[in-house]
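Residue numbers (our numbering): 7 to 226. Beta carbons are placed, not taken as given, at the ideal position from N, Cα and C, and that holds for glycine. Since the structure is predicted, the reported quantities are computational estimates derived from the model, not experimental observations.
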Ligand code: FES
Ligand code: FES
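What follows is the structure in structure tokens.
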């Protein structure tokens with residue numbers, strides 16, 4: 007199947023393989039299997055001079071960006087993702103870490119809470135590029151064997167109802183306990199105020215945080 011050349015070295019056609027071969031006289035190595043592929047650096051330079059930059063930047067900027075280096079749950083990863091992608095979508099869609107949930111997408115509900123360098127952040131509004139080079143921990147990285155005091159307390163108190171908000175609740179609670187080993191009810195309410203639970207499990211969340219704090223203190 008023929009690929010149709012477009013100005014400046016880009017090809018648009020129905021056969022990505024043919025387009026790749028035809029579009030890469032200098033051997034651009036790993037163009038993705040998409041119907042529109044970039045050709046090579048030299049072609050991109052030709053594009054810049056032949057066309058207004060904003061036209062191509064707005065459509066193909068993903069191909070011009072460097073790899074993003076992330077450390078997630080202790081693993082170093084190099085990812086080919088758009089730097090403006092919310093961290094939440096990289097975690098869920100690119101890395102299949104689906105324990106972190108999408109609720110509002112506006113930093114209002116806390117369902118997407120993860121740790122960035124030990125702080126609780128809303129991953130739905132954090133650009134992945136702004137998380138590069140920092141330590142990211144998701145609910146999957148808290149403790150694989152359910153040995154974290156919060157995990158044990160959550161099970162003991164039987165906190166979740168539908169469960170949707172619970173990974174965010176636990177991630178926020180983990181930061182609270184790392185900063186305050188004996189939180190009062192007020193401390194808990196204040197720290198957890200941004201984590202919404204539609205099922206109203208707040209009193210059990212509070213109870214489980216107290217229980218986890220007790221467990222943590224007894225082992226230190
Ligand atoms: S999904 Fe991020 S705060 Fe609601
Ligand atoms: S357990 Fe259902 S939203 Fe919190």
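- Rounded to the nearest angstrom, the Cβ distance from residue 101 to residue 78 is 6 Å, consistent with a contact under 8 Å.
- Annotation for residue 223 indicates a beta carbon at 8 Å or more from all heavy atoms of ligand 1.
- Within the stretch 109 to 146, complete beta strand (DSSP E) segments of at least 3 residues are found at 119 to 122, 125 to 128, 141 to 143, given in chain order.
- In its chain, beyond the 5 residues on either side, 117, 203 have a beta carbon closer than 6 Å to the beta carbon of residue 171.
- Pairing residue 138 with residue 74 gives a Cβ-Cβ distance under 9 Å.
- Near ligand 1, meaning a Cβ closer than 6 Å to any of its heavy atoms, lie the following residues in chain order: 108, 109, 110, 111, 113, 114, 115, 116, 117, 118, 128, 130.
- In terms of Cα proximity to residue 188, the closest of 214, 164, 146 is 214.
- Residue 129 sits close to residue 94, with the two beta carbons spaced by under 9 Å.
- Judged by their CB atoms, residue 144 and residue 111 are not nearer to each other than the 9 Å cut-off.
- Ranked by how close their Cα comes to the Cα of residue 99, the residues 127, 122, 123, 134 have 134 in first place.
- Residue 177 is positioned such that its CB atom lies closer than 9 Å to that of residue 121.
- Assignment of residue 81 by DSSP, reduced to helix, strand and coil, places it in the strand class.
- Nearest to residue 126 by alpha-carbon distance, out of 206, 201, 157, 153, is 201.
- Note on geometry: alpha-carbon atoms of residue 212 and residue 191 lie some 7 Å from one another.
- Using a cutoff of 8 Å, the CB of residue 157 does not count as near ligand 2, since none of the ligand's heavy atoms is closer than that.
- Just so you know, the alpha carbons of residue 162 and residue 92 end up roughly 34 Å apart.
- Take residue 146, set aside five residues on each side of it, and the residues of its chain with a beta-carbon closer than 7 Å to its own are 79, 103, 105, in chain order.
- Of the heavy atoms belonging to ligand 2, at least one sits nearer than 8 Å to the Cβ of residue 204.
- Each of 136, 115, 219 was checked against the Cα of residue 185, and the nearest Cα belongs to 219.
- Between residue 221 and residue 159, the C-beta spacing is below 9 Å.
- Taking each of 150, 206, 164, 175 in turn and checking the Cα distance to residue 119, the smallest one comes out for 175.
- Per DSSP, residue 182 is one residue of the alpha helix (DSSP H) stretching across 172 to 185.
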